[in-house]
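Chemist: Residue numbers (numbering that gives the first Met the number 0): 0 to 484.
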Amino acid sequence: MEGATAAEAASERRRVDDQQVQPGCPQDDAIASHFRIITNDFISRLPDDLLGAIISLLPTKAGARTQVLSRRWRPLWRSSNAPLNLVANSSLVKGNRPKKRIAVISKILSDHPGPARRLSLHRIRIPDSLGKIDGWLRSESLANLHELEVTYATDYDDAVYPLPPSVLRFSPTLRMAEFGCCQFPDMSVPNFPHLKRLTLSKVVTSEDSLHGLLSACTSLESLSLHCPVGIACLRISSLTLRSMDFRNEQGIVTFQELIIEDAPCLERLIPLDPENGPSTIHVIRAPKLKILGLISQGMSTLSIGTTVFQKMIAFSLTTKINTMKILVLESIGPKLDAVIDFLKCFPCLEKLYVILRQQKDMDNVPKYKHLVFDTIECLELHLKKVVLKNYDGNMRSAVNFAKFFIFNAKVLEEMEIGVINHRNDKWMRYQYRTRLKVQNRVSRDAQIELKRDVQHSFKHHVHTHDFSMADPFYMPCGRLLNRVG
0 MEGATAAEAA
10 SERRRVDDQQ
20 VQPGCPQDDA
30 IASHFRIITN
40 DFISRLPDDL
50 LGAIISLLPT
60 KAGARTQVLS
70 RRWRPLWRSS
80 NAPLNLVANS
90 SLVKGNRPKK
100 RIAVISKILS
110 DHPGPARRLS
120 LHRIRIPDSL
130 GKIDGWLRSE
140 SLANLHELEV
150 TYATDYDDAV
160 YPLPPSVLRF
170 SPTLRMAEFG
180 CCQFPDMSVP
190 NFPHLKRLTL
200 SKVVTSEDSL
210 HGLLSACTSL
220 ESLSLHCPVG
230 IACLRISSLT
240 LRSMDFRNEQ
250 GIVTFQELII
260 EDAPCLERLI
270 PLDPENGPST
280 IHVIRAPKLK
290 ILGLISQGMS
300 TLSIGTTVFQ
310 KMIAFSLTTK
320 INTMKILVLE
330 SIGPKLDAVI
340 DFLKCFPCLE
350 KLYVILRQQK
360 DMDNVPKYKH
370 LVFDTIECLE
380 LHLKKVVLKN
390 YDGNMRSAVN
400 FAKFFIFNAK
410 VLEEMEIGVI
420 NHRNDKWMRY
430 QYRTRLKVQN
440 RVSRDAQIEL
450 KRDVQHSFKH
460 HVHTHDFSMA
470 DPFYMPCGRL
480 LNRVG
C-alpha cells in the first residue's frame with residue numbers, strides 16, 4: 000500500500016511538473032495548489048513586500064515570468080511591492096528588432112505603477128528613439144529610481160546627441176548612474192546627494208560642466224571615466240571619493256592631465272590605458288591611497304606628493320608612500336631598475352603585478368644578485384604576492400626579472416607566472432630547475448606556479464566598483480602547468 004501511495008505521488012508530481020501554467024488557465028489554481036503541497040512551497044507564503052523585493056532583484060524577463068507561477072504570484076510583478084527592474088538591452092526581445100524593443104519598453108513603463116529600482120537603456124538607437132527616451136524618463140512608474148543607465152548606440156550615426164534634461168529629475172534618489180555616447184547637458188545641475196557610483200563613457204562635456212557635476216555628487220565613492228571628450232585637464236577634489244578609474248582609446252582626443260587636489264578617502268587610482276592618456280597625473284593629497292596601476296612608460300609624468308616619476312624613471316624619491324599595498328606596472332624590456340624604484344617608493348607594498356613587454360634588443364636586465372645586498376623594505380618585510388604576466392622563458396631578460404623576486408622577496412607567499420608560449424613538460428622542468436632555480440628560493444614557504452596565460456593588459460578585467468574585492472585586479476591565470484611549494 001505504501002509503495003502504491005508513493006508511486007501515485009510521484010506520478011502526480013510528474014504531471015504537475017509537466018503542466019505548463021498559463022495566466023488565466025482554468026486549471027491554474029488547482030495546479031498551483033498541488034505544486035504547493037508537493038514541493039512545500041513556503042516561499043509563496045511570504046508577505047507581498049518580501050516577494051516583491053525578490054522579484055525586483057531578478058533580471059527583467061525572469062521577473063516577468065514569475066506571473067505564471069500561480070495566482071499568488073501573478074499580480075506581484077506589476078505591483079508597487081516589486082520596484083521595477085527594467086534592463087532594456089538587446090536580450091529584452093529576440094533578434095535585432097529595435098522597434099520591437101521600443102514598444103516593449105513603452106508597454107512595461109505604462110503597465111507598472113512604480114516605484115522603480117533600476118532602468119537600463121543600453122545602446123539605444125538614436126535619433127529614432129530620442130523623443131521616446133525623454134517620455135520614458137518622465138514616466139510616473141520611475142518614481143524613486145535608484146539606478147539609471149542611458150547609453151546610445153553609435154553603430155549607425157556619427158552624430159552626438161544630447162541626454163534629455165529629464166534625467167536630472169532623478170537627482171534626489173539616484174545611487175548609481177551611467178551615461179554613454181552622448182552629450183551631457185551644459186547647464187547647472189542639481190545636487191545628487193545619494194549618488195555613489197558614476198560612469199561616463201564617451202560623453203561630450205565641458206570641463207566646467209564635469210567639475211560642476213562632480214561637485215554636486217556629495218556622496219560619490221566610485222568614478223569611472225572612459226574617453227571623456229572636451230576635457231583637457233580634470234581636477235578632483237572630493238571628500239568621499241574612494242575609487243577612480245579611467246581609460247582612453249587611440250584616436251580619441253581626451254583629457255591629458257589629471258590632478259588629484261584633495262581626496263582624503265581615495266584608495267584606488269586606476270589608469271587602465273596609460274598609452275593613450277592622461278599623460279600626466281599629479282596626486283597632491285590622497286593620504287589613504289593603497290591601490291595604483293596600470294603605470295607604464297606611456298605616462299610621461301606621475302607625481303605623488305614630492306616623488307616624481309617620468310616615463311617610469313624616478314627623478315625624485317623624497318616621499319615614501321606607506322599606505323600603498325597593490326601596484327600594477329607594465330615593464331618594457333623588462334626594466335628591473337625602474338621597478339625597484341617603485342618598490343623603494345612604496346615600502347609597505349604587499350602585491351605586485353607586472354605585465355612584461357619583451358623587446359629582443361633589450362636583454363639587459365641585471366642578474367638576480369645585482370641588488371641582493373641592497374635593503375628594500377617591502378622585499379624584506381611586506382611583499383607577499385608577485386604576479387608576472389606575459390612571461391616568455393626563452394628571453395633571458397624575463398628569466399632574470401623573475402629570479403630577482405624568487406631570490407630576494409623574503410616573505411613571499413605566492414608567485415604566479417603566466418606563460419604565454421606553452422612548451423612541453425621537458426621545457427617546463429628546464430624552466431624550474433635550470434632557468435629559474437625555484438628550488439633555491441629565499442622564502443621557503445613560497446608557492447610558485449607557472450600557468451598557461453594569454454597576452455594580458457587588465458584593461459577590461461578590473462573590478463573597480465566592487466569594494467567587496469580587496470584586490471580589484473585579481474583574475475587568476477589559466478590551467479596550472481607546474482608548481483613548487
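We put the beta carbon where it would ideally sit given N, CA and C, even for glycine.
Any contact of the region 99–106 with the region 62–81, i.e. 3+ C-beta pairs under 8 angstroms?
Modeler: Short answer: they don't touch.
Chemist: Could you spell out where the beta strand (DSSP E) holding Met175 opens and where it closes?
Modeler: Run containing Met175: 175–179, per the beta strand (DSSP E) assignment.
Chemist: CA-CA distance, Asp492 and Ile235?
Modeler: This structure does not reach residue 492, given that the chain is present from 0 up to 484, and the question cannot be answered.
Chemist: Am I right that Leu142 and Gly113 are in contact with their C-beta atoms under 8 angstroms? What's the rounded C-beta distance?
Modeler: Inspection of the sequence shows that residue 142 is occupied by Ala rather than by Leu. Rounded, the Cβ-Cβ distance is 4 angstroms, consistent with contact.
Chemist: Within the continuous alpha helix (DSSP H) that includes Glu266, where are the two ends?
Modeler: Neither: Glu266 is in no alpha helix (DSSP H) and is coded neither H nor E.
Chemist: My guess is that Arg116 and Glu146 are in contact by the Cβ rule of under 8 angstroms, so how many angstroms apart are they, rounded?
Modeler: That pair is a contact at about 7 angstroms.
Chemist: Which class does Val103 belong to by DSSP, given the choice of helix, strand or coil?
Modeler: Helix at Val103.
Chemist: Where does the unbroken alpha helix (DSSP H) through Cys429 begin, and where does it stop?
Modeler: For the sequence presented, residue 429 should be read as Tyr rather than Cys. Its alpha helix (DSSP H) spans residues 424–429.
Chemist: Return yes when the Cβ of Ser170 is within less than 7 angstroms of the Cβ of Phe191, no when it is not.
Modeler: Yes, they are a contact pair.
Chemist: Just to check my reading of the structure: Leu342 and Ile375 have Cβ atoms closer than 8 angstroms, yes? What is that Cβ distance to the nearest angstrom?
Modeler: Right, their Cβ atoms sit about 5 angstroms apart.
Chemist: Just curious, the beta strand (DSSP E) that Cys232 is in, first and last residue?
Modeler: Counting along the chain, the beta strand (DSSP E) containing Cys232 begins and ends at 232–236.
Chemist: Assign Leu288 to buried or exposed, taking buried as 16 or more other Cβ atoms, counted over all protein chains shown, within 10 Å of its Cβ.
Modeler: Label assigned to Leu288: buried.
Chemist: Which residues bound the beta strand (DSSP E) around Ile312?
Modeler: Here the beta strand (DSSP E) through Ile312 covers 312–315.
Chemist: Measuring alpha carbon to alpha carbon, tell me which of Leu380, Arg96, Leu435 ends up nearest Ala401.
Modeler: Of the listed residues, the one whose Cα sits closest to Ala401 is Leu435.
Chemist: Just list the residues that DSSP pairs Arg196 with in beta bridges.
Modeler: DSSP, once it has assigned bridges, lists Met175, Ser221 as partnering Arg196.
Chemist: Within its chain, find whatever has a CB closer than 7 angstroms to the CB of His193; leave out the 5 residues flanking it on each side and keep chain order.
Modeler: If we look at His193 and ignore the five residues flanking it on each side, its Cβ neighbours are Thr172, Leu173, Arg174, Ser218.
Chemist: Could you tell me the distance, in whole angstroms, from the CA atom of Ser396 to the CA atom of Lys388?
Modeler: Each residue's alpha carbon lies about 14 angstroms from the other.
Chemist: Do the CB positions of His225 and Ser200 come within less than 7 angstroms of each other?
Modeler: Yes, they are a contact pair.
Chemist: Along the chain, where does the alpha helix (DSSP H) containing Glu274 start, and where does it finish?
Modeler: Unbroken run through Glu274: none, as it is neither H nor E.
Chemist: Rank Leu197, Ile107, Met186 by C-alpha distance to the C-alpha of Glu148 and give the top, closest one.
Modeler: Measuring from the Cα of Glu148, the nearest candidate turns out to be Leu197.
Chemist: Relative to the C-alpha of Arg77, which candidate in Val86, Leu108, Ala176 has its C-alpha closest?
Modeler: That would be Leu108, whose Cα lies nearest to the Cα of Arg77.
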